[in-house]
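Engineer: There's a structure below that I have some questions on.
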Amino acid sequence: MPNLLFMKQKAGAFGLSRGGTIVDEIVLHGTESLGTETQSLDYLSSANKDNHSTHYWIGRTQGLLYSITPEEKLTYHAGNPKKHPTVKDHNPRSIGIEMYQIDPAKARKAGGKPDFSDWQYDTVVQLVYDICYRRKIKRSMVVAHGAINPIDRADPQGFDWDRFKEGLYFLSFRMGAAMGADYFLLD
Ligand SMILES: [Zn+2]
């Protein structure tokens with residue numbers, strides 16, 4: 003997974019016990035930032051009033067990929083802080099990947115629309131493949147934050163799921179063909 007060679011580490015502020023819950027899900031996010039990539043990375047890796055963090059962070063700029071919270075730890079990226087009765091806390095079971103993105107409202111106001119860079123698509127495909135392969139997580143268990151908490155969240159906005167799913171499918175296919183059946187991801 004060549005893009006993962008760029009991965010750096012920046013220790014997070016919230017690494018808690020998963021309480022024995024098995025990790026079976028990956029949640030994709032867009033940061034919807036008001037600031038720069040550096041500010042986004044610093045915010046998610048330091049103590050903040052929202053108790054917000056992530057396991058991985060992918061910048062828009064080629065080469066920017068950080069591991070923040072160890073996968074075996076729970077961190078706060080997909081909870082239910084407002085206690086909606088219909089929303090479940092996905093933090094114990096999931097690994098979070100934040101993709102840096104400028105706030106979509108700000109992007110729209112400037113005449114653009116929310117999107118992600120080629121580096122982000124390539125990297126999120128490789129990172130998700132790596133996690134799914136190691137942990138035997140099904141491809142179908144990669145979800146949008148907005149799908150598990152549609153009341154509060156809509157991220158990652160403008161993310162091309164067809165492109166992502168096709169990329170993951172072909173990577174799984176290539177790995178399985180080259181390395182053997184164990185390397186095909188589970189559906
Ligand atoms: Zn999110």
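Basically our numbering = 1-based index in the sequence shown + 2. Quick reminder that beta carbons are idealized off the backbone N, C-alpha and C, glycines included.
Around the Cβ of R110, are there at least 16 other Cβ atoms within 10 angstroms (buried) or fewer (exposed)?
Structural biologist: Here residue 110 is taken as the residue at index 108 of the sequence shown, counted from 1. By the 10 Å Cβ count, R110 comes out exposed.
Engineer: Going by C-alpha to C-alpha distance, which of K108, Y131, H54 sits closest to A80?
Structural biologist: As a working note, residue 80 is residue 78 in the sequence shown. Checking every option, the nearest Cα to that of A80 belongs to H54.
Engineer: Who are the Cβ neighbours of L188 in its own chain at under 8 Å, not counting the five residues just before and after it?
Structural biologist: To locate residue 188, count along the sequence shown from 1; it is residue 186. Only C134, K138, I139, K140, R141 meet the Cβ criterion.
Engineer: Shortest alpha-carbon distance to D91 belongs to which of G169, Q103, T23?
Structural biologist: By 1-based counting over the sequence shown, the position of residue 91 is 89. The shortest C-alpha separation from D91 is found at T23.
Engineer: Buried or exposed: which applies to D26, given that a residue is buried once 16 or more other Cβ atoms fall within 10 Å of its Cβ?
Structural biologist: On the sequence shown, position 24 is the one that residue 26 refers to. Classification for D26: exposed.
Engineer: Within a Cβ cutoff of 6 Å, which residues of the same chain sit near S174, ignoring the five residues on either side of it in sequence?
Structural biologist: Within the sequence shown, the letter at position 172 stands for residue 174. Cβ neighbours of S174 beyond the five flanking positions: F186, L187.
Engineer: Give the straight-line distance between the Cα atoms of G32 and A179, rounded to the nearest whole angstrom.
Structural biologist: In the sequence shown, residue 32 corresponds to position 30, counting from 1. In the sequence shown, residue 179 corresponds to position 177, counting from 1. One C-alpha to the other measures close to 32 Å.
Engineer: Please output, in chain order, the residues near ligand 1 using a CB cut-off of less than 5 Å to any non-hydrogen atom of the ligand.
Structural biologist: Result (chain order): H31, H147, D157.
Engineer: Would you list, in sequence order, the uninterrupted beta strand (DSSP E) runs of no fewer than 3 residues that lie entirely inside the stretch 134-165?
Structural biologist: Segments of the beta strand (DSSP E) lying fully in the stretch 134-165: 144-146.
Engineer: Note down the Cα distance separating R165 from Y123, rounded to an integer number of angstroms.
Structural biologist: Position 163 of the sequence shown holds residue 165. Position 121 of the sequence shown holds residue 123. About 8 Å.
Engineer: Within a Cβ cutoff of 6 Å, which residues of the same chain sit near R20, ignoring the five residues on either side of it in sequence?
Structural biologist: Locating residue 20 in the sequence shown gives position 18, counting from the first residue. Cβ neighbours of R20 beyond the five flanking positions: L76, P94.
Engineer: What does DSSP give as the partner residue(s) for M9 in the beta ladder?
Structural biologist: Against the sequence shown, residue 9 aligns to sequence position 7. Partner(s): none; M9 has no beta bridge.
Engineer: Measuring alpha carbon to alpha carbon, tell me which of I104, L7, T38, E34 ends up nearest Y68.
Structural biologist: For the purposes of this step, residue 68 is taken as residue 66 along the sequence shown, with counting starting at 1. When each option's Cα is compared against that of Y68, the closest is L7.
Engineer: Could you tell me if L129 is buried or exposed, where buried requires 16 or more neighbouring beta carbons within 10 angstroms of its beta carbon?
Structural biologist: The count along the sequence shown starts at 1 and reaches residue 129 at position 127. L129 is buried by the Cβ-count criterion.
Engineer: Anyone know if the C-beta pair for G148 and P106 falls short of 9 Å?
Structural biologist: Within the sequence shown, the letter at position 146 stands for residue 148. Within the sequence shown, the letter at position 104 stands for residue 106. The answer is no: Cβ separation not under 9 Å.
Engineer: So for V29, helix, strand or coil by DSSP?
Structural biologist: Here residue 29 corresponds to residue number 27 of the sequence shown, with the count starting at 1. Strand at V29.
Engineer: Considering only C-alpha positions, which residue in the set E168, R155, M181 is nearest to L30?
Structural biologist: Residue mapping note: residue 30 aligns to position 28 of the sequence shown, counting from 1. Here the closest residue by C-alpha is R155.
Engineer: Under 9 Å between the Cβ atoms of W121 and R176?
Structural biologist: By 1-based counting over the sequence shown, the position of residue 121 is 119. By 1-based counting over the sequence shown, the position of residue 176 is 174. In this structure, R176 does not lie closer than 9 Å to W121 by Cβ.
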